[in-house]
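In my numbering, the protein residues as written are 2 to 292.
Report on the structure given below.
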């Protein structure tokens, strides 16, 4: 069966909306000529009810939810993840994929701010949101990105074998996300991290991987570095851990000069608010001591 692109669906939705609007205007004109204002108002209700499911299918949020989305993005930019979570949580029963993937992101970030148990609780909460979001919109790059991230995060709690068994599925969703949005720096970072993990895998994990898969997932430091550098080029300074991972990858490749350069960039990062930022700086400082 041919796949309809998201753009095509959006065009269909907009065309449908225009058609509905034209029909509504004609109907309202007729009703007003009969001085039947109450009937005119009631006539619009089923039309709008019919329109919003079409908008959702095309990845278009209602005006009310779009306002929530805009507010959540402003909070994300400020790294106020607690407020972002509180803003989005009342919409956890939503059927809007754009709300749900953001709620999954918010729950994940809130989890990182708490204890180990709180992190685990929020990761699984986020996992429920992103599964539903992807079912609602399979052509949304952020749904695929966060599905891959959370599939790997949940795998961490279910043991090394489970995490390795998820590996190909995780990468598949990252690759789909980058196909849908080739310029997203975070997805490039995720792919780089995936490659690094399998390039850096210790012997005992390779043994597990060979049991799980006939052909285990493999990668190289060069492939990982390529993704990390592309991510930094796409959006310089977007994520401090990306600089740390560039430094660590160079270190694994015996290039101490470039490793030192990127570890120093990591340490010099300003506005280190998140746990990821702080962790990256601590690890970079530790590596610089040994160089």
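Glycine included, every Cβ here is placed at the ideal spot set by N, Cα and C.
In whole angstroms, what separates the C-alpha of residue 113 from that of residue 150? Position 112 of the chain shown holds residue 113. Position 149 of the chain shown holds residue 150. So the two alpha carbons sit approximately 14 Å from each other.
Would you call residue 86 buried or exposed, if buried means 16 or more other Cβ atoms sit within 10 Å of its Cβ? Walking along the chain shown from the start, residue 86 turns up at place 85. Classification for residue 86: buried.
Does the Cβ of residue 286 have 16 or more other Cβ atoms within 10 Å, making it buried, or fewer, making it exposed? Along the chain shown, read from residue 1 onward, the residue named residue 286 stands at position 285. So residue 286 ends up on the exposed side.
Best match in 199, 192, 194, 143 for proximity to residue 166 [C-alpha to C-alpha]: Stepping through the chain shown from its first residue, residue 166 is reached at position 165. Relative to the Cα of residue 166, the nearest Cα in the group 199, 192, 194, 143 belongs to 199.
Within the same chain, show all residues whose beta-carbon is closer than 7 Å to that of residue 256, passing over the 5 residues directly before and after it, in chain order. As a working note, residue 256 is residue 255 in the chain shown. Hits under 7 Å: none found.
In three-state terms, what does DSSP make of residue 236? Along the chain shown, one-based indexing puts residue 236 at 235. The answer is coil: DSSP assigns residue 236 none of H, G, I, E or B.
Identify whether residue 162 lies in helix, strand or coil by the three-state DSSP scheme. Locating residue 162 in the chain shown gives position 161, counting from the first residue. DSSP places residue 162 in helix when its eight states are reduced to three.
Best match in 213, 231, 208, 153 for proximity to residue 190 [C-alpha to C-alpha]: Here residue 190 refers to the residue found at position 189 of the chain shown. Answer by Cα proximity: 231.
Determine, using beta carbons only, whether residue 181 and residue 244 come nearer to each other than 8 Å. Your numbering for residue 181 matches position 180 in the chain shown. Your numbering for residue 244 matches position 243 in the chain shown. It is not a contact, given that the beta carbons lie outside the stated cut-off.
Counting Cβ pairs closer than 8 Å, one from the stretch 117-137 and one from the stretch 73-83, do we hit at least three? The stretch 117-137 is not in contact with the stretch 73-83.
If you measure from the CB of residue 271, is any heavy atom of the ligand COA nearer than 7 Å? This structure lacks the ligand COA; in fact it carries no ligand of any kind.
How would you write the range of the alpha helix (DSSP H) that residue 193 sits in, first residue to last? Position 192 of the chain shown holds residue 193. 186-200 is the extent of the alpha helix (DSSP H) around residue 193.
In chain order, what residues of the same chain have a beta carbon less than 6 Å from the beta carbon of residue 251, not counting five sequence neighbours either side? Within the chain shown, numbered from 1, the residue matching residue 251 stands at position 250. Counting only Cβ-Cβ distances below 6 Å, and skipping sequence neighbours, we find 259, 260.
DSSP three-state call for residue 155: helix, strand or coil? The residue you call residue 155 lines up with position 154 of the chain shown. Here DSSP, grouped into helix, strand and coil, assigns residue 155 to helix.
Is the Cβ of residue 183 closer than 8 Å to any Cβ of chain B? This model lacks chain B altogether; it includes just one protein chain.
Considering only the alpha carbon of each residue, which of 265, 275, 271 lies closest to residue 290? Along the chain shown, read from residue 1 onward, the residue named residue 290 stands at position 289. Ranking 265, 275, 271 by CA distance to the CA of residue 290 puts 265 first.
Report the residue ranges of all alpha helix (DSSP H) runs contained in full by the stretch 90-119; include only those spanning at least 4 residues, in chain order. Given a length threshold of 4 residues, each whole run of the alpha helix (DSSP H) inside the stretch 90-119 is given here in chain order: 98-114.
May I have the straight-line CA-CA distance separating residue 102 from residue 223, to the nearest angstrom? Taking the chain shown and counting its residues from 1, one reaches residue 102 at position 101. Taking the chain shown and counting its residues from 1, one reaches residue 223 at position 222. The straight-line gap from Cα to Cα measures roughly 31 Å.
For the putative contact between residue 168 and residue 218, defined by C-beta atoms under 8 Å, what is the C-beta separation to the nearest angstrom? Within the chain shown, residue 168 is the residue found at index 167, counting from 1. Within the chain shown, residue 218 is the residue found at index 217, counting from 1. About 5 Å separates the beta carbon of residue 168 from that of residue 218, a gap short enough to meet the 8 Å contact definition.
Roughly how many whole angstroms lie between the Cα atoms of residue 73 and residue 279? Residue numbering aside, residue 73 sits at position 72 when the chain shown is read from its first letter. Residue numbering aside, residue 279 sits at position 278 when the chain shown is read from its first letter. C-alpha separation (whole angstroms): 23 Å.
Proximal residues to residue 263 (C-beta, below 6 Å), its chain only, five neighbours per side dropped: Numbered from its first residue, the chain shown carries residue 263 at position 262. Answer for residue 263: 244, 247, 248, listed in chain order.
For residue 66, report the span of its alpha helix (DSSP H) as first-last. Position 65 of the chain shown, counted from the start, is the residue given in the question as residue 66. 64-79 is the span of the alpha helix (DSSP H), which, as asked, contains residue 66.
With the cut-off set at 8 Å, would you say residue 213 and residue 195 are in Cβ contact? For the purposes of this step, residue 213 is taken as residue 212 along the chain shown, with counting starting at 1. For the purposes of this step, residue 195 is taken as residue 194 along the chain shown, with counting starting at 1. It is not a contact, given that the beta carbons lie outside the stated cut-off.
Distance check for residue 267 and residue 275, CA to CA, integer angstroms please. Residue mapping note: residue 275 aligns to position 274 of the chain shown, counting from 1. Residue mapping note: residue 267 aligns to position 266 of the chain shown, counting from 1. One C-alpha to the other measures close to 14 Å.
Using three-state DSSP, classify residue 220 as helix, strand or coil. In the chain shown, residue 220 corresponds to position 219, counting from 1. It is coil, neither helix nor strand.
If I'm right that residue 148 touches residue 124 with Cβ under 8 Å, what's the distance once you round it to whole angstroms? Within the chain shown, numbered from 1, the residue matching residue 148 stands at position 147. Within the chain shown, numbered from 1, the residue matching residue 124 stands at position 123. About 13 Å; that fails the 8 Å criterion.
Can you tell me where the alpha helix (DSSP H) with residue 267 in it begins and where it stops? Locating residue 267 in the chain shown gives position 266, counting from the first residue. Start and end: 257-268.
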